[in-house]
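Colleague:
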Ligand code: PAF
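In the numbering used here, the protein residues as written are 1321 to 1600.
(1) Exposed or buried, which one is residue 1442 when buried takes at least 16 other CB atoms within 10 Å?
(2) How about residue 1423 and residue 1450: are their beta carbons less than 8 Å apart?
(3) Relative to the C-alpha of residue 1587, which residue among 1365, 1514, 1335 and 1405 is closest?
(4) Taking the alpha-carbon positions, what's the residue 1325 to residue 1379 distance?
(5) Ordered along the chain, which non-local residues of its own chain (more than five positions away) have a Cβ less than 6 Å from that of residue 1598?
(6) Does the distance from the CB of residue 1445 to the CB of residue 1438 come in under 8 Å?
(7) Taking 8 Å as the cut-off, decide whether the C-beta atoms of residue 1568 and residue 1431 are in contact.
(8) Excluding the 5 residues flanking residue 1383 on each side, which residues of the same chain have their C-beta closer than 7 Å to its C-beta?
(9) Compare the Cα-Cα distances from residue 1339 to each of 1531, 1566 and 1369 and report the closest residue.
(10) Would you check whether the ligand PAF has a heavy atom nearer than 7 Å to the C-beta of residue 1423?
(11) Report yes or no: do the segment 1405-1422 and the segment 1528-1540 share at least 3 C-beta pairs separated by less than 8 Å?
(12) Can you tell me whether DSSP reads residue 1582 as helix, strand or coil?
(13) Would you mind listing the beta strand (DSSP E) stretches within the segment 1334-1415 that are 3+ residues and don't spill past its ends, in chain order?
(14) Could you tell me whether any non-hydrogen atom of the ligand PAF is closer than 7 Å to the CB of residue 1387?
(15) Residues in the same chain with beta-carbon distance under 7 Å from residue 1578, minus the five sequence neighbours each way, listed in chain order, please.
(16) Are the beta-carbon atoms of residue 1497 and residue 1523 separated by less than 8 Å?
(17) Helix, strand or coil for residue 1569, going by three-state DSSP, please let me know.
(18) Looking at the structure shown, is residue 1596 part of a helix, part of a strand, or coil, going by DSSP?
(19) Report all residues from its chain with a CB closer than 6 Å to the CB of residue 1465; omit the five preceding and five following residues, and keep chain order.
(20) Among residues of its own chain, excluding the 5 on either side of residue 1544, which ones have a beta-carbon nearer than 6 Å to its beta-carbon?
(21) How would you call residue 1596, buried or exposed, if buried means at least 16 neighbouring beta carbons within 10 angstroms?
(22) Quick check: residue 1454 and residue 1418, are their CB atoms within less than 8 Å of each other?
(23) The beta strand (DSSP E) spanning residue 1561 covers which residue range?
(24) I'd like to confirm the pairing. Which residues does DSSP put opposite residue 1503 in its beta bridges?
(25) Taking all protein chains shown into account, do 16 or more other C-beta atoms lie within 10 angstroms of the C-beta of residue 1404, making it buried, or fewer, making it exposed?
(26) Counting by C-beta, which residues lie closer than 6 Å to a heavy atom of the ligand PAF, in chain order?
(27) Consult DSSP for residue 1550 and reduce its assignment to one of helix, strand or coil.
(28) If contacts are defined as beta-carbon pairs under 8 Å, then residue 1521 and residue 1555 qualify, I think. What distance do you get, rounded to the angstrom?
(29) Does the separation of the CB atoms of residue 1344 and residue 1461 fall below 8 Å?
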């Protein structure tokens, strides 16, 4: 695996690696890699001839400066982990390399970025769109791999690719969980011992809500999740919303769509965790 830090080096290496008919798979990350990221890279390896991974903690997607500051960074460890995967080229640029000038673009995702994460983290998805469009422009991947844990991000990136006609296929990969159910996230390592113990309650509640939903309305299922999380003193619910998986519009009944997802954000102490469950 080669590590490149500049756009020029990246493009030079890709010019050699991208042989006619060969497919480039891309996994953009912010580092602090865990099994969830590695499974994206392995999925990319199964269907691509060349796998490129990027590690870049994108400042424009952090609406909270303290969140950006404490975001875990460990390039040496990440490189070790990536060497165990099919990654051939790691792009680990500086902020100046990605943003030689400030990015002033404002994207319009309509309703998609006005709800849930978009509502609680203003500007977050605009920053994600800025960096993903720049990275796609540099790597020009045939396929890009994103985890379904960031469900709303996935929907928005699909819309970005459609709007900008980027020609990259967005591949959604399943949520990877710890053995106690907690969705894997780079932020998990920031949890205190007490909050790490409480955090699996989020996934447990979502799984239980699937059973509950079989005989209950959407409104009652939302109430069930809110009340279950509310009973745990170490967790603070930010939102739980049951939405159409394509439009992210709230649904009032299970018949309203054939793709329905429940999305949740919870604070465990200072650490904000997200997760989701597909009902149908
Ligand atoms: O999901 C992430 O890790 C980031 O939002 C992404 C897609 C790498 C953009 O910075």
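Beta carbons are placed, not taken as given, at the ideal position from N, Cα and C, and that holds for glycine. The structure presented is a predicted model; accordingly, all values stated were derived computationally and were not measured.
Modeller: Taking the coordinates as given:
(1) exposed
(2) yes
(3) 1514
(4) 17 Å
(5) 1581
(6) yes
(7) yes
(8) 1441, 1442, 1443 and 1444
(9) 1369
(10) no
(11) no
(12) strand
(13) 1344-1349, 1370-1375 and 1409-1411
(14) no
(15) 1600
(16) yes
(17) coil
(18) strand
(19) 1347, 1360, 1363, 1364, 1491 and 1493
(20) 1529 and 1532
(21) buried
(22) yes
(23) 1555-1564
(24) 1497
(25) exposed
(26) 1348, 1349, 1350, 1378, 1381, 1448, 1451, 1452, 1470 and 1473
(27) helix
(28) 6 Å
(29) yes
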